[in-house]
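Student: Protein chains in written order, with UniProt numbering: chain Z, 1 to 291; chain C, 1 to 291. Okay, handing you the structure first.
Number of protein chains: 2
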Amino acid sequence: MKIAFIGLGIMGRPMAAHLLDAGHELTVYDIAAIPENIAARAATAGSAKEAAAKSDIVILMVPDTPHVEAALFGENGAAEGLSKGNIVVDMSSISPLATKDFAKRINDLGCTYLDAPVSGGEVGAENASLTIMVGGPTDTFETVRPLFETMGKNITLVGGNGDGQTCKVANQIIVGLTIEAIAEALLFAGKAGADPARVREALLGGFASSRILELHGRRMVERTFDPGFRINLHQKDLNLALTGARELNMGLPNTATTQELFNVCAAHGHVGKDHSALILALEEMAGFSIE
Amino acid sequence: MKIAFIGLGIMGRPMAAHLLDAGHELTVYDIAAIPENIAARAATAGSAKEAAAKSDIVILMVPDTPHVEAALFGENGAAEGLSKGNIVVDMSSISPLATKDFAKRINDLGCTYLDAPVSGGEVGAENASLTIMVGGPTDTFETVRPLFETMGKNITLVGGNGDGQTCKVANQIIVGLTIEAIAEALLFAGKAGADPARVREALLGGFASSRILELHGRRMVERTFDPGFRINLHQKDLNLALTGARELNMGLPNTATTQELFNVCAAHGHVGKDHSALILALEEMAGFSIE
């Protein structure tokens with residue numbers, strides 16, 4: 001299948017490489033320079049429009065909602081290069097509500113749309129072990145599934161357009177708030193005089209156990225905050241949750257407070273650290289560190 | 001070993017039964033009537049003092065801090081019946097700070113003290129699969145370990161006196177806040193138009209996964225809120241966290257908000273439901289249910 005791949009950053013580069021490894025013909029486009037290891041094996045285009053015009057499927061992997069809108073519907077955007085029957089697959093993590101609008105506009109051109117955000121980060125992209133949460137029509141999903149399988153492992157059609165992005169937001173709410181929960185628990189334990197490392201170990205066998213307690217709990221105890229998944233990216237994702245919640249007329253109280261704690265991290269220069277460094281905000285507030 | 005067992009409620013009854021099954025000689029005391037299946041196999045005492053006087057080890061399993069204080073140091077309390085070298089084991093879930101005081105007062109009598117709260121609930125008590133988090137001296141822990149092994153599976157010496165209770169509070173913070181996180185995520189997903197059941201399934205394979213997403217996420221989707229672990233018990237535990245945090249001069253922002261949400265549940269008559277019914281508070285606030 002002829003594929004246009006738009007966005008070759010930290011995530012897009014290894015994902016495009018997996019598609020090339022599987023023998024697919026790629027035309028790539030990025031507003032920045034194309035990485036050499038991709039440029040050597042793929043055709044390059046001067047615009048998203050040109051890449052789309054040469055392809056059956058357009059995959060996007062860009063930072064946020066405005067970048068998807070520009071790549072699809074901006075001047076020389078992919079929409080101008082689409083032919084009827086083409087498929088647009090947005091693997092970026094963006095607004096679920098904007099996604100429903102983008103999908104409708106793509107449908108109006110006689111094309112189908114999948115929102116297919118991922119979790120697993122750079123490591124998951126490199127190892128082709130991404131979790132992929134998909135929204136869109138079942139037959140389109142089945143057509144694209146072999147491509148997803150070159151990039152990820154846990155691939156689920158969650159529902160219609162927007163539901164993939166909604167699922168990703170739900171994922172980031174749970175991950176962020178679980179990190180915050182573990183930070184409150186370990187800081188409380190440390191301030192009460194217990195050894196946070198031994199508390200974490202005792203809890204690992206019980207009902208409070210999770211991968212997040214295992215990995216991020218260890219990061220908090222061992223003070224290894226090199227990313228990983230950066231706080232400023234998690235801030236972007238919780239912003240999608242909070243903006244979405246406001247548009248939906250509902251409250252997300254602990255998501256809101258967790259975002260505030262990420263803001264406290266930002267105030268102290270920690271936004272480039274791993275999101276487990278959320279504990280630094282609580283430590284600043286308590287005037288006490290478990291270090 | 002001769003054991004005094006004080007407190008034969010929902011938890012204490014099956015725990016005492018496991019000790020009897022293992023061949024230990026028990027003298028039991030409760031301010032309420034002794035259950036028949038225990039009374040038929042154990043000696044009964046008219047006070048905690050009398051039970052303690054006949055035993056080497058005194059085990060307590062009562063509701064909260066004041067009950068432990070009364071059973072130990074009240075009129076005809078266990079302290080009056082202790083001999084030098086006896087061991088007091090408090091398996092109730094109570095204040096870590098009060099525990100340090102109780103341990104000191106017991107030490108002053110020439111006895112040793114373990115705080116050994118459990119998690120796993122009624123089912124864990126029945127199945128002898130409780131998680132037991134212990135604080136106290138290592139040699140006392142080793143002496144009592146065979147008794148713990150008749151009642152539980154995941155048994156950890158976390159540190160000195162109070163650290164077992166601190167670990168239990170940390171456990172309840174993580175469990176409560178993870179339930180709240182999942183409730184926010186599934187409610188957001190449902191209000192955004194996705195199917196919360198499919199979102200939960202998609203997330204189970206990824207980094208957001210946990211036993212709590214598996215069990216309590218399913219309860220939220222299937223609306224099965226029969227306890228389980230009752231909201232009013234979790235309110236007690238988060239109160240220990242918040243009271244402790246205030247005494248320690250630190251903030252637990254999401255623990256505080258989660259307690260408020262349990263209070264919203266109470267306002268609507270849900271305190272007897274399983275703690276996964278926390279989602280009902282968010283649903284009341286949003287005027288929307290995922291049911």
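In this text, a Cβ means the ideal position worked out from N, Cα and C, and glycines have one as well.
#1: Run through chain Z and tell me which residues come within less than 8 angstroms of C:Val175, C-beta to C-beta.
#2: For C:Asn171, count neighbouring Cβ atoms within 10 angstroms of its own Cβ and tell me buried if that reaches 16, exposed if not.
#3: From Z:Leu26, Z:Cys167, Z:Phe188, pick the residue whose C-alpha is nearest to that of C:Ile173; which is it?
#4: Assign C:Phe229 to one of three DSSP states: helix, strand, or coil.
#5: On the criterion of 16 or more Cβ atoms from any shown chain inside 10 Å, does C:Ile38 qualify as buried, or is it exposed?
#6: Can you give the beta carbon distance from C:Leu248 to Z:Lys191, rounded, assuming they're within the 8 angstroms contact cut?
#7: Please report the straight-line C-alpha distance between Z:Leu19 and Z:Gly152, rounded to a whole angstrom.
#8: Let me know if C:Val123 comes out buried or exposed under the rule of 16 or more other beta-carbons within 10 Å of its beta-carbon.
#9: Can you tell which of C:Pro227, C:Asp226, C:Val199 has the C-alpha that lies nearest to the C-alpha of C:Leu214?
#10: Is the region 75-88 of chain C in contact with the region 219-238 of chain C, if contact means three or more CB pairs nearer than 8 angstroms?
#11: In the DSSP assignment, what residue or residues form a beta bridge with C:Thr112?
#12: Kindly give me the distance between the Cβ atoms of Z:Val134 and Z:Thr156, rounded to whole angstroms, as I take these residues to be in contact under 8 angstroms.
#13: When you compare only the Cα positions, how much space is there between Z:Phe207 and Z:Gly269?
#14: Starting from the beta carbon of residue 304 of chain Z, find every residue of chain C whose beta carbon is closer than 7 angstroms, and list them in chain order.
#15: Taking DSSP as the reference, what is the three-state secondary structure of Z:Ser210?
#16: Compute the Euclidean distance between the alpha carbons of Z:Gln235 and C:Val88, then round it to the nearest angstrom.
#17: Evaluate C:Pro253 with the Cβ neighbour count: other Cβ atoms within 10 Å of its Cβ, from every protein chain shown; 16 or more gives buried, anything less gives exposed.
#18: Any Cβ of chain C within less than 9 angstroms of the Cβ of Z:Gly269?
#19: Give the residues of chain C in contact with Z:Arg211, contact being defined as C-beta atoms less than 8 angstroms apart.
#20: For the alpha helix (DSSP H) that C:Met11 lies in, which residues bound it at each end?
#21: What whole-angstrom Cβ distance do Z:Thr178 and C:Ala116 have, given they're in contact under 8 angstroms?
#22: I'd like to know whether the C-beta of C:Ala185 is nearer than 9 angstroms to at least one C-beta of chain Z.
#23: Go to Z:Met133, then tell me how far its beta strand (DSSP E) extends in each direction, as first and last residue.
#24: Report, in whole angstroms, the separation of the C-beta atoms of Z:Glu284 and Z:Val264, which I expect to be a contact under 8 angstroms.
#25: So, at 6 angstroms on beta carbons, what are the nonlocal neighbours of Z:Ile132 in its own chain, with the 5 sequence-adjacent residues on each side left out?
#26: Smallest Cα separation from C:Glu69: which of C:Met250, C:Ser55, C:His24, C:Asp101?
#27: Would you kindly work out how many angstroms separate the C-alpha atoms of Z:Arg246 and Z:Ala256, rounded to a whole number?
#28: When DSSP builds the beta bridges, which residues end up paired with Z:Gly159?
#29: Pull up the distance between the alpha-carbon of C:Ile34 and that of C:Met250, whole angstroms please.
Tutor: Straight from the coordinates:
#1: For the purposes of this step, residue 175 of chain C is taken as the residue at position 175 of the second sequence. In chain order: Phe207, Ala208.
#2: In the second sequence, the residue the question calls residue 171 of chain C occupies position 171. Buried, because 16 or more other Cβ atoms sit within 10 Å of the Cβ of C:Asn171.
#3: Locating residue 173 of chain C in the second sequence gives position 173, counting from the first residue. Answer by Cα proximity: Z:Phe188.
#4: As a working mapping, residue 229 of chain C is identified with position 229 in the second sequence. DSSP places C:Phe229 in coil when its eight states are reduced to three.
#5: Position 38 of the second sequence, counted from the first residue, corresponds to residue 38 of chain C. Burial of C:Ile38 is indicated by the presence of at least 16 other C-beta atoms within 10 angstroms of its C-beta.
#6: Within the second sequence, the letter at position 248 stands for residue 248 of chain C. Within the first sequence, the letter at position 191 stands for residue 191 of chain Z. Between Z:Lys191 and C:Leu248 the Cβ distance is about 5 angstroms, and since that is below 8 angstroms, they are a contact.
#7: Working through the first sequence from its first residue, we reach residue 19 of chain Z at position 19. Working through the first sequence from its first residue, we reach residue 152 of chain Z at position 152. The straight-line gap from Cα to Cα measures roughly 11 angstroms.
#8: The count along the second sequence starts at 1 and reaches residue 123 of chain C at position 123. Classification for C:Val123: exposed.
#9: Along the second sequence, one-based indexing puts residue 214 of chain C at 214. For clarity, residue 214 of chain C is Glu in the given sequence; the question names Leu instead. The shortest C-alpha separation from C:Glu214 is found at C:Val199.
#10: Between the region 75-88 of chain C and the region 219-238 of chain C, the count of C-beta pairs closer than 8 angstroms stays below three; the two stretches do not touch.
#11: Start at 1 with the first residue of the second sequence, and residue 112 of chain C comes out as number 112. C:Thr112 pairs with C:Ile87.
#12: By one-based count along the first sequence, residue 134 of chain Z stands at place 134. By one-based count along the first sequence, residue 156 of chain Z stands at place 156. So it is a contact: roughly 7 angstroms between Cβ atoms.
#13: As a working note, residue 207 of chain Z is residue 207 in the first sequence. As a working note, residue 269 of chain Z is residue 269 in the first sequence. Rounded to whole angstroms, the separation of the alpha carbons of Z:Gly269 and Z:Phe207 is 34 angstroms.
#14: Missing from the structure shown is residue 304 of chain Z; chain Z here goes from 1 to 291 and no further.
#15: Taking the first residue of the first sequence as position 1, residue 210 of chain Z is located at position 210. In the displayed model, Z:Ser210 falls within a strand according to three-state DSSP.
#16: Residue mapping note: residue 235 of chain Z aligns to position 235 of the first sequence, counting from 1. Residue mapping note: residue 88 of chain C aligns to position 88 of the second sequence, counting from 1. The alpha-carbon atoms of Z:Gln235 and C:Val88 are separated by roughly 49 angstroms.
#17: Position 253 of the second sequence, counted from the start, is the residue given in the question as residue 253 of chain C. Answer is buried; the Cβ neighbour count reaches 16.
#18: Walking along the first sequence from the start, residue 269 of chain Z turns up at place 269. No - not a single Cβ of chain C is within 9 angstroms of the one on Z:Gly269.
#19: Reading the first sequence from its first residue, position 211 is the one you call residue 211 of chain Z. Near Z:Arg211 (Cβ distances below 8 angstroms), the residues of chain C are Phe207, Ser209, Ser210.
#20: As a first step, residue 11 of chain C is located in the second sequence; it is residue number 11 there, counting from the start. Neither: C:Met11 is in no alpha helix (DSSP H) and is coded neither H nor E.
#21: Residue numbering aside, residue 178 of chain Z sits at position 178 when the first sequence is read from its first letter. Residue numbering aside, residue 116 of chain C sits at position 116 when the second sequence is read from its first letter. The Cβ separation is near 27 angstroms, so there is no contact.
#22: Within the second sequence, numbered from 1, the residue matching residue 185 of chain C stands at position 185. With 9 angstroms as the cut-off, C:Ala185 counts as an interface residue toward chain Z.
#23: Here residue 133 of chain Z refers to the residue found at position 133 when the first sequence is read from its first residue. Per DSSP, Z:Met133 belongs to the beta strand (DSSP E) from 130-135.
#24: Position 284 of the first sequence, counting from 1, holds the residue named residue 284 of chain Z. Position 264 of the first sequence, counting from 1, holds the residue named residue 264 of chain Z. Rounded, the Cβ-Cβ distance is 6 angstroms, consistent with contact.
#25: Your numbering for residue 132 of chain Z matches position 132 in the first sequence. Ala116, Val118, Phe148, Gly152, Ile155.
#26: Sequence index remark: in the second sequence, residue 69 of chain C carries index 69 (1-based). Comparing Cα positions, the closest option is C:Asp101.
#27: Indexing the first sequence from 1 puts residue 246 of chain Z at position 246. Indexing the first sequence from 1 puts residue 256 of chain Z at position 256. Roughly 11 angstroms separates the two Cα atoms.
#28: Against the first sequence, residue 159 of chain Z aligns to sequence position 159. DSSP output for Z:Gly159 lists Z:Gly135 as bridge partner(s).
#29: Sequence index remark: in the second sequence, residue 34 of chain C carries index 34 (1-based). Sequence index remark: in the second sequence, residue 250 of chain C carries index 250 (1-based). When rounded, the distance between both Cα atoms is 42 angstroms.
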